[in-house]
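Below: one structure, written as structure tokens.
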Amino acid sequence: MANHSPHDQLCSLWQCQTVVPFQMSPEELRQKMKQLNRKLLMRDLIVYVICLGETVWFTYCILTLRAPATLKIGFFLVILAMGFVAGQIWLDRNNRKESRTTAAALGKTGSVDFYRVELVRQRNFHRGVWFWSRMIALLPGLLVCGIWGIVRYPTHPIGYVLTAATLIISAWAVWLNWKASLSYQRQIDALDALKQAPE
Amino acid sequence: MQERIRTMLVPDKLSDDLYQEAILAHGPALDRLARAYEANSEDRRDLLQEIHLALWRSFAGFDARCSLRTWVYRVAHNTAASHILRSRRAKSNTLVSLEEIEEQGGIAAKDDANHSVDRSLLLEQLFALIQRLNPLDRQVILLYLEGMDAAFIAEVTGISSGYVATKIHRVKAILAERFRNGGSHGQP
Numbered sequence: 009m010a011n012h013s014p015h016d017q018l019c020s021l022w023q024c025q026t027v028v029p030f031q032m033s034p035e036e037l038r039q040k041m042k043q044l045n046r047k048l049l050m051r052d053l054i055v056y057v058i059c060l061g062e063t064v065w066f067t068y069c070i071l072t073l074r075a076p077a078t079l080k081i082g083f084f085l086v087i088l089a090m091g092f093v094a095g096q097i098w099l100d101r102n103n104r105k106e107s108r109t110t111a112a113a114l115g116k117t118g119s120v121d122f123y124r125v126e127l128v129r130q131r132n133f134h135r136g137v138w139f140w141s142r143m144i145a146l147l148p149g150l151l152v153c154g155i156w157g158i159v160r161y162p163t164h165p166i167g168y169v170l171t172a173a174t175l176i177i178s179a180w181a182v183w184l185n186w187k188a189s190l191s192y193q194r195q196i197d198a199l200d201a202l203k204q205a206p207e
Numbered sequence: 037m038q039e040r041i042r043t044m045l046v047p048d049k050l051s052d053d054l055y056q057e058a059i060l061a062h063g064p065a066l067d068r069l070a071r072a073y074e075a076n077s078e079d080r081r082d083l084l085q086e087i088h089l090a091l092w093r094s095f096a097g098f099d100a101r102c103s104l105r106t107w108v109y110r111v112a113h114n115t116a117a118s119h120i121l122r123s124r125r126a127k128s129n130t131l132v133s134l135e136e137i138e139e140q141g142g143i144a145a146k147d148d149a150n151h152s153v154d155r156s157l158l159l160e161q162l163f164a165l166i167q168r169l170n171p172l173d174r175q176v177i178l179l180y181l182e183g184m185d186a187a188f189i190a191e192v193t194g195i196s197s198g199y200v201a202t203k204i205h206r207v208k209a210i211l212a213e214r215f216r217n218g219g220s221h222g223q224p
């Protein structure tokens, strides 16, 4: 070794770790790619099936149940929410397909820019249009059903429980997401400061 | 000329060839990178497979505007950074910057700094230090340990080389304080 400084020795120690050679054959890579696609497809299908199941159930309730119009409006809003969730999954799937064709971005983008994009994506998931649209889609149906329960059966706890649970869970979700978005924003700000650092 | 021939090849074949070339030259560095991100051997293997897959897919768009080495390191580090963001464990742990570690005066060594530290313990402590860092600082320290210079680290990360030099200075200060005895014992 030409240089025996502690730093160089640490670097040498790092580079001389015993590594088990790892390589994937082209067939393995293609197989892995197929597995990954299948896994993503299955995940999406499960959500689609849940949305479809709920839609069928609430449609059945609307058509056959002798319930007042308010409750049926609540059911209808829940169906719309399920459609919205399924739509978001479909859009996300399309975005993923697009990202597969631009996998080269991983090699073309420096780490700071790449990491920032990922952080912004995560932050937006927790706040802004995406987050509030999910809330707005899911809340009205549940609230209408809960309020109908209170009006129709004022002495029965079901309406109060459903309304309270909807409001508490919503407030909790807003707080958790707001906290997460702040954490991502702090990291984004740190990266922006880093990019503005003098040469 | 070589690049021209490359672009004339069938994309899949091109990706396969570039992948083989990249793994031959940088495979061990990718393995070390995965170790630095995941302590658990199964998670590490998953991450390593993810990096290999990302690398192979990325070569369909390799335009030779940067060196193969830069491309490989960018893909590997960007994939690992994504992995960290998705990881539930990483979300529950607070990752810190080099500056924060420096302010804390390094991390207390597990054993007395006056005792000689064997290589495996030294590496273990080095991994523990790296795994506490946020993705960007982790990249800087890993590239530094791989023997890369400030200009190359700047090319991979996208930070100015001047700022990378400052970061490396911090890395050296932290490593010197943390491993002041271990380094001199750790013969490769």
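Sequences listed follow chains A and B, in order.
In this text, residue positions in the first sequence follow our numbering: the first is 9, and each later residue adds one.
In this text, residue positions in the second sequence follow our numbering: the first is 37, and each later residue adds one.
Note that beta-carbon positions come from the ideal geometry of N, C-alpha and C, so glycine has one too.
Everything numeric in this text was worked out from a predicted model, so none of it was measured.
Is the CB of residue i under 7 Å away from at least one CB in chain A?
{"i": "B/Asp173", "result": "no"}
{"i": "B/Ile166", "result": "no"}
{"i": "B/His88", "result": "yes"}
{"i": "B/Asn150", "result": "Any answer about B/Asn150 is weak, because its pLDDT of 45 lies below 50 and its placement is not dependable; what the coordinates show is given next. With 7 Å as the cut-off, B/Asn150 does not count as an interface residue toward chain A."}
{"i": "B/Pro114", "result": "In the sequence under discussion, the amino acid at residue 114 of chain B is Asn, which differs from the Pro named in the question. Chain A, which has a Cβ nearer than 7 Å to the Cβ of B/Asn114, makes this yes."}
{"i": "B/Ala144", "result": "Below a pLDDT of 50, predicted positions are generally treated as unreliable, and B/Ala144, at 47, falls in that range; the measurement from the model is reported next regardless. Not one chain A Cβ lies under 7 Å of B/Ala144."}
{"i": "B/Val111", "result": "yes"}
{"i": "B/Asp52", "result": "yes"}
{"i": "B/Ala23", "result": "Outside the displayed span of chain B (37 to 224) sits residue 23 of chain B, for which this structure offers no information."}
{"i": "B/Asp67", "result": "yes"}
{"i": "B/Ile59", "result": "yes"}
{"i": "B/Asp147", "result": "The pLDDT assigned to B/Asp147 is 46, lower than 50, so where the model puts this residue is not dependable, and the model offers no usable value."}
{"i": "B/Ser118", "result": "yes"}
{"i": "B/Leu131", "result": "no"}
{"i": "B/Leu83", "result": "no"}
{"i": "B/Leu169", "result": "no"}
{"i": "B/Ser103", "result": "no"}
{"i": "B/Ile210", "result": "no"}
{"i": "B/Arg93", "result": "yes"}
{"i": "B/Ile195", "result": "yes"}
Nearest to residue i by CA position, among the options, is which residue?
{"i": "A/Ser178", "options": "A/Lys40, A/Leu147 and A/Val159", "result": "A/Leu147"}
{"i": "A/Cys59", "options": "A/Leu88, A/Asn45, A/Arg46 and A/Leu37", "result": "A/Leu88"}
{"i": "A/Ala75", "options": "A/Lys203, A/Trp156 and A/Pro165", "result": "A/Trp156"}
{"i": "B/Leu165", "options": "B/Trp107, B/Phe95 and B/Leu134", "result": "B/Leu134"}
{"i": "A/Glu36", "options": "B/Arg80, B/Arg93 and B/Pro64", "result": "B/Arg93"}
{"i": "A/Tyr123", "options": "B/Leu158, B/Val192 and B/His62", "result": "B/Val192"}
{"i": "A/Phe83", "options": "A/Ala145, A/Thr163 and A/Gln17", "result": "A/Ala145"}
{"i": "B/Val207", "options": "B/Gly194, B/Arg155 and B/Glu139", "result": "B/Glu139"}
{"i": "A/Leu150", "options": "A/Pro162, A/Ala172 and A/Ile70", "result": "A/Ala172"}
{"i": "A/Ile54", "options": "A/Cys19, A/Ala94, A/Thr67 and A/Lys80", "result": "A/Ala94"}
{"i": "A/Val182", "options": "A/Ala77, A/Met41, A/Lys80 and A/Arg142", "result": "A/Arg142"}
{"i": "A/Ala112", "options": "B/Arg155, B/Arg214 and B/Tyr109", "result": "B/Tyr109"}
{"i": "B/Ile195", "options": "A/Phe92, A/Lys40 and A/Asp121", "result": "A/Asp121"}
{"i": "B/Asp52", "options": "B/Leu211, B/Leu83, B/Gly97 and B/Ile189", "result": "B/Gly97"}
{"i": "A/Lys116", "options": "B/Leu162, B/Leu159 and B/Phe95", "result": "B/Phe95"}
{"i": "B/Arg174", "options": "B/Leu131, B/Arg101 and B/Asp48", "result": "B/Leu131"}
{"i": "A/Gln23", "options": "B/Arg214, B/Ala201 and B/Tyr180", "result": "B/Tyr180"}
{"i": "A/Ile97", "options": "A/Ala201, A/Lys203 and A/Met50", "result": "A/Met50"}
{"i": "A/Val152", "options": "A/Thr163, A/Thr174 and A/Gln25", "result": "A/Thr174"}
{"i": "A/Ile196", "options": "B/Arg101, B/Pro171, B/Ser123 and B/Trp107", "result": "B/Pro171"}
{"i": "A/Asn45", "options": "A/Thr67, A/Asn132, A/Lys187 and A/Asn102", "result": "A/Asn102"}
Compare the C-beta of residue i against all C-beta atoms of chain B and say whether one is closer than 7 Å.
{"i": "A/Ala181", "result": "no"}
{"i": "A/Gly154", "result": "no"}
{"i": "A/Tyr123", "result": "yes"}
{"i": "A/Ala10", "result": "Note that A/Ala10 has pLDDT 44, beneath the 50 cutoff, so the model's placement of it is unreliable and no number is given."}
{"i": "A/Pro34", "result": "yes"}
{"i": "A/Ile196", "result": "no"}
{"i": "A/Val27", "result": "yes"}
{"i": "A/Gly167", "result": "no"}
{"i": "A/Cys59", "result": "no"}
{"i": "A/Ser119", "result": "yes"}
{"i": "A/Trp22", "result": "yes"}
{"i": "A/Gly115", "result": "yes"}
{"i": "A/Gln31", "result": "yes"}
Per DSSP, what are the beta-bridge partners of residue i in this structure?
{"i": "A/Leu175", "result": "Paired residue(s): none; A/Leu175 is not in a bridge."}
{"i": "B/Val132", "result": "B/Leu169"}
Count the C-beta pairs between the stretch 152 to 170 of chain A and the stretch 120 to 138 of chain A that are closer than 8 Å, then say yes if the count reaches three, no if not.
No, the stretch 152 to 170 of chain A does not touch the stretch 120 to 138 of chain A.
What are the complete alpha helix (DSSP H) segments, minimum 4 residues, inside the stretch 20 to 88 of chain A?
Secondary structure within the stretch 20 to 88 of chain A: the alpha helix (DSSP H) runs of 4 or more consecutive residues, fully enclosed, are 34 to 72 (chain order).
Contact between the stretch 79 to 95 of chain A and the stretch 49 to 66 of chain A is defined here as three or more beta-carbon pairs at a separation below 8 Å; is this criterion met?
Pairwise C-beta distances place the stretch 79 to 95 of chain A in contact with the stretch 49 to 66 of chain A, as three or more of them are shorter than 8 Å.
Determine, using beta-carbon pairs with one atom in the stretch 52 to 67 of chain B and one in the stretch 15 to 33 of chain A, whether at least three such pairs fall under 8 Å.
These segments touch.
Validate contact between the stretch 84 to 93 of chain B and the stretch 112 to 124 of chain B using beta carbons, cut 8 Å, 3 pairs:
Cβ pair count under 8 Å is three or more, so yes.
Complete alpha helix (DSSP H) runs within the stretch 75 to 134 of chain B (minimum length 4 residues, chain order)
For the stretch 75 to 134 of chain B, the continuous alpha helix (DSSP H) assignments of 4+ residues that do not extend past its boundaries occur at 77 to 94, 104 to 122 and 124 to 128, in sequence order.
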